[in-house]
Amino acid sequence: MNFFTRWVVNFAYFLNTSEAYQHKKRFVYDILENDKYQYKKYFDIFMMILIFLSIAILIAEVKSEMNIYLRFFNVYVISFIFFIEYLLRFWISSSISEIIIYKSEHATALGREFYLHRALINALKAKLSFIFSFKAIIDLLAILPFFHELRLLRLFVLFRVFKLFRYTKNFQTFTSVFSTKKFEFFILLMFSSIVIFVSSVLVYVMEAENPKSPINTLFDAVYWSIVTIATVGYGDIVPVTTEGRTVAIFVIIAGVSVLAFTTSIVVSAFTEKLDEIKEIKTIDNIRKLKHFYLICGYESVAQEVVKKLKDSNTSIIVLDEDIQRVESAKKDGLIAVNYDPGDIESYKKIGIDIDVQVKSILCLRESDIENVYTTLTVRAISKNVNIISLLMDDANRNKLKFAGANEILYPKGIVGMISKELIGRPVAFEVIHALRNDYYGVDVEEILVDDRMSQNILYVSELNNSKFRVILLGIYKKETKRFFFNPLDSTLLESGDYLLAIGNSAFMREFEKYLHKKIRK
Amino acid sequence: MKNRAALIFGYNDYALEIAKNVTDEYDNVYLYSLNSEQDILKNRSCFEVKSFDLSDRWDDLNENIDIQNSIAFCVLEDSAENIFLTISLRSSFANLNIIALSNNKQTANKLQMAGANKVIPLVQTTAEMISEMLQKPIVKDVFHKILFESGALKIAQVKINDSNDYIGKTISDIDWSKRYGVMVLAIVNEDMSSEFIYSSKIKHHIIDKDNMFIVVGYEQDIKEFEKITGSICD
């Protein structure tokens, strides 16, 4: 390896390991290409505004003299911004340093000599594939109005409209729908082209020599043919000879079939893709949610849990591999997606950040195997998320614990415990049950002592709960993680503690308001 | 001599869990199975498995069981069979305390109509616990410990005795927690209708000799409270 090659390889390593360089490149990638990046949408909106401004200026310019500043803005500022964007996309499209490193390491591993020029050719190929990509060509054409003095190039402003495809997902979906029917469209194009070609030639031959006919050139014939086959039929150019009109009859019939064929292709493309489009939209909505409960498996317990949680402010997302259960969840008004909760790829495809967005994961399949599998999958992604799982057979409790479930609910065990209470203290049990379920308008609430509250209310005696006819059952101390029943008046309130209070629901709300508003004198 | 028994109909995990939990309270716990031959063979529990069929006239029970003080749990897996069993038991024993298990609301209503004293709606109860775990985890934890675990905090049903000093006093006049260290959650009237102490309706409730208090407190405090006011029912 000569000195220059070694220097280039070293520099490639330097770039690849430079945190500042990679951080900047990552940021540019996120803002330009990463749909999950929260600030990308602002960049997209900014670029779309520029595009619309540019077109508005083009239209206004047609019949009136443009303000010099606006013209400058359109020709230079917008083009310059697009040019910078083009360069940045060129930069992030591939990494030359990575290609050099890869080739160098590959050569070292195989004990071969490293040739820099081969690595550079690879890098060049990667860059060229970007330059000749459809989107990059559109980007480049959109910059051309910069050469404003060439009048024709002004029309390239319209290419900026195509740039919209970059910034709106709906347009991308639209093109993806049509791209699935490439073959059908190709057949249609071939058929139309043949009909247009044959009919143009025929009508030209039949009509061109007739002095009364408006079809004098081959261009007139092609124009007439296209207008007719498209079933538009302006009527500005019409065949006058019998032969020409005979050709017209065939073109009209062909036109009707072309139209019908086009309509059927478009409709079938949308019908086939409709579910996919809906799913993309659903996933998009899920990504936007700040917090939600994730229910894995929508069976009878899950259906009841959803009813109980519907009034809470937190959204509920259902994940199930069975399409019928997903449909049933959708019918119940939930956001549901048909993915396997036990597959790590599902979470990647949906693109949710479990640590940030998910408050709790509920594994509610009525099968321990499925719940253990899901728990294990989720735990592999996130160590901290709270997982609650249903347990159908007590023999599997340890497996579920080992998989990483935080809380396990064993319905059969619950039945046993309830039975014990029902024969021992039936009335007390009913009272607690009613209290927990907010029957009779009496509610039990957990009230969080926040920073502000702890600064304004120092001791239990200052809570004034009796004024609101609210009973303080106890305090859950954050520090010791213990519940103190019937606390003394002198008990100190600290931020993060919870008050467990019982009282009439309306009074309870007033009490909570009072606690948050109270200011220490 | 007739014995006081827990009769559990159905041989399954629910039945075994119930049997484990009620065995201390009754002289005998019997598991009744529809497929007795198979179930007796595979039975590894310490409970006796007996056979029954849905057309039974229950002569055996009539002869050996103190129906008045016994309890029946209907936990057959098939809802229709469970309802039929409940009707069959109720038609034969008007005084038997029947607790039945249901998988859904519809079955729960039918079981109630069939004569069950109490229906445990399995799915609903599980869902309630899960939603409480999510929304009020501390409440769930505290009440779970009070009800189901043998911790320091207890719940008790205390009946006011005839000679109690509080009879005739208004409920809101007495600060139970400061005086006895216990909290009175509800008052149950003679007709078994319960009222929460915090509801506005009960503010002027005058304590009567047949009232039952549902109290929460530490074991020692509850005992003290019981000495002063009446007797613990359970």
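These protein sequence lines map, in sequence, to chains A and B.
Mapped onto this note's numbering, the consecutive letters of the first sequence carry residue numbers 1 to 521.
Mapped onto this note's numbering, the consecutive letters of the second sequence carry residue numbers 1001 to 1234.
We treat Cβ as the ideally placed atom computed from N, Cα and C, and that holds for glycine.
The structure displayed is predicted, hence computed values, not measured ones.
Reduced DSSP category for residue i - H, G, I as helix; E, B as strand; rest coil
i               : result
S104 (chain A)  : helix
T314 (chain A)  : coil
F1143 (chain B) : helix
S1131 (chain B) : helix
I1065 (chain B) : strand
N1003 (chain B) : strand
K1042 (chain B) : helix
S66 (chain A)   : Correcting the residue type first, residue 66 (chain A) is Met in the shown sequence and not Ser. Coil.
S382 (chain A)  : coil
T217 (chain A)  : coil
F484 (chain A)  : strand
K181 (chain A)  : coil
S360 (chain A)  : strand
V77 (chain A)   : helix
Residue i versus residue j: straight-line alpha-carbon distance, rounded
i               : j               : result
C296 (chain A)  : E421 (chain A)  : 31 angstroms
D353 (chain A)  : D30 (chain A)   : 16 angstroms
K288 (chain A)  : K359 (chain A)  : 15 angstroms
E479 (chain A)  : G496 (chain A)  : 8 angstroms
F1009 (chain B) : L1101 (chain B) : 11 angstroms
Y293 (chain A)  : Y76 (chain A)   : 50 angstroms
V442 (chain A)  : N1109 (chain B) : 25 angstroms
D1141 (chain B) : N1035 (chain B) : 39 angstroms
D1013 (chain B) : K412 (chain A)  : 7 angstroms
R425 (chain A)  : E1132 (chain B) : 22 angstroms
A302 (chain A)  : K308 (chain A)  : 10 angstroms
S257 (chain A)  : A230 (chain A)  : 10 angstroms
F90 (chain A)   : Y102 (chain A)  : 20 angstroms
L188 (chain A)  : A260 (chain A)  : 11 angstroms
L1061 (chain B) : P1121 (chain B) : 27 angstroms
I1214 (chain B) : T314 (chain A)  : 34 angstroms
Q1106 (chain B) : A1114 (chain B) : 12 angstroms
F14 (chain A)   : V8 (chain A)    : 10 angstroms
M206 (chain A)  : F270 (chain A)  : 42 angstroms
I1167 (chain B) : L334 (chain A)  : 54 angstroms
D1234 (chain B) : V427 (chain A)  : For D1234 (chain B), the predicted model reports a pLDDT of 47, less than 50, meaning its position is unreliable; a value from the coordinates is still stated below. Taking the straight line from one Cα to the other gives about 10 angstroms.
S104 (chain A)  : F4 (chain A)    : 14 angstroms
H332 (chain A)  : Y339 (chain A)  : Residue identity check: residue 332 (chain A) is Asp in the sequence provided, not His. Distance between the alpha carbons of D332 (chain A) and Y339 (chain A) is about 18 angstroms.
E1081 (chain B) : L1054 (chain B) : 8 angstroms
Cross-strand partners of residue i (DSSP beta bridge)
i               : result
Y1218 (chain B) : B:L1153
P1121 (chain B) : B:S1102
I92 (chain A)   : None; I92 (chain A) has no bridge partner.
C1074 (chain B) : B:F1009, B:A1100
V442 (chain A)  : A:N504
Y29 (chain A)   : DSSP, once it has assigned bridges, lists no residue as partnering Y29 (chain A).
L390 (chain A)  : A:L409
Y498 (chain A)  : A:L448, A:Y476
N398 (chain A)  : Paired residues: none, contrary to the question.
L128 (chain A)  : DSSP output for L128 (chain A) lists no bridge partner at all.
A336 (chain A)  : A:V318
M1048 (chain B) : Rather than Met, the amino acid found at residue 1048 (chain B) in this sequence is Glu. Paired residue(s): B:Y1030.
T1170 (chain B) : B:I1206
Y459 (chain A)  : A:L492
I471 (chain A)  : A:I502
(message) Short of 7 angstroms Cβ to Cβ, which residues in the region 1002–1028 of chain B face chain A?
(response) Cβ contacts with chain A come from D1013, Y1014, E1017, I1018, K1020, N1021, V1022, E1025.
(message) Counting only Cβ-Cβ distances shorter than 8 angstroms, please list the residues of the region 412–433 of chain A near chain B, keeping chain order.
(response) For the region 412–433 of chain A, residues whose beta-carbon sits nearer than 8 angstroms to a beta-carbon of chain B comprise K412, G413, I414, V415, G416, M417, I418, S419, K420, E421, L422, I423, G424, R425, P426, V427, A428, F429, E430, V431, I432.
(request) Check each residue of the region 1152–1178 of chain B: if its Cβ is closer than 8 angstroms to any Cβ of chain A, include it; give the result in chain order. (result) L1153, I1155, A1156, Q1157, S1177
(message) Residues of the region 96–119 of chain A in Cβ contact with chain B at a cutoff of 7 angstroms, in chain order, please.
(response) none
(request) Mind checking the region 318–334 of chain A against chain B and listing, in chain order, the residues whose C-beta falls within less than 8 angstroms of any C-beta there? (result) The residues in question: there are none.
(request) Quick one: which unbroken alpha helix (DSSP H) runs of 4-plus residues sit fully inside the region 410–439 of chain A? Chain order, please. (result) 411–424, 426–436
(request) Would you list, in chain order, the members of the region 441–474 of chain A that have their beta-carbon closer than 8 angstroms to a beta-carbon of chain B? (result) Within the region 441–474 of chain A, the qualifying residues are G441, V442, V444, E445, E446, R469, V470, I471, L473, G474.
(request) Could you name each continuous alpha helix (DSSP H) segment of 4 residues or more that falls completely within the region 234–321 of chain A, going from the start of the chain to the end? (result) 242–288, 300–309
(request) Could you name the residues of the region 268–299 of chain A whose beta carbon sits closer than 9 angstroms to any beta carbon of chain B, in the order they occur along the chain? (result) Y293
(message) Taking beta-carbon pairs under 8 angstroms, can you tell me which members of the region 475–500 of chain A lie near chain B?
(response) Y476, F483, F485, N486, Y498, L500
(request) Would you list, in chain order, the members of the region 1114–1129 of chain B that have their beta-carbon closer than 8 angstroms to a beta-carbon of chain A? (result) K1118, I1120, L1122, V1123, Q1124, T1125, T1126, A1127, E1128, M1129
(request) Could you run through the region 377–407 of chain A and flag, in chain order, every residue whose CB is less than 8 angstroms away from some CB of chain B? (result) I388, L390, D393, D394, E407
(message) If the cut-off is 7 angstroms on Cβ atoms, which residues from the region 1131–1144 of chain B count as contacting chain A, listed in chain order?
(response) So the list reads S1131, E1132, M1133, L1134, Q1135, K1136, I1138, V1139, V1142, F1143, given in the order they occur along the chain.
(request) Report the residues of the region 1073–1103 of chain B with a CB closer than 9 angstroms to any CB of chain A, ordered along the chain. (result) F1073, V1075, N1097, I1099, L1101, N1103
(request) Taking only beta carbons into account, state which residues of the region 331–361 of chain A come closer than 8 angstroms to chain B, listed in chain order. (result) K359, S360
(message) What are the residues in the region 298–313 of chain A lying within 9 angstroms of chain B by C-beta distance?
(response) S300, V301, A302, Q303, E304, V305, V306, K307, K308, L309, S312
(request) Taking a Cβ distance cut-off of 7 angstroms, strictly less, list which residues of the region 504–517 of chain A are near chain B, in chain order. (result) N504
(message) Using a Cβ-Cβ cutoff of 7 angstroms, what residues of the region 85–96 of chain A are near chain B? List them in chain order.
(response) none
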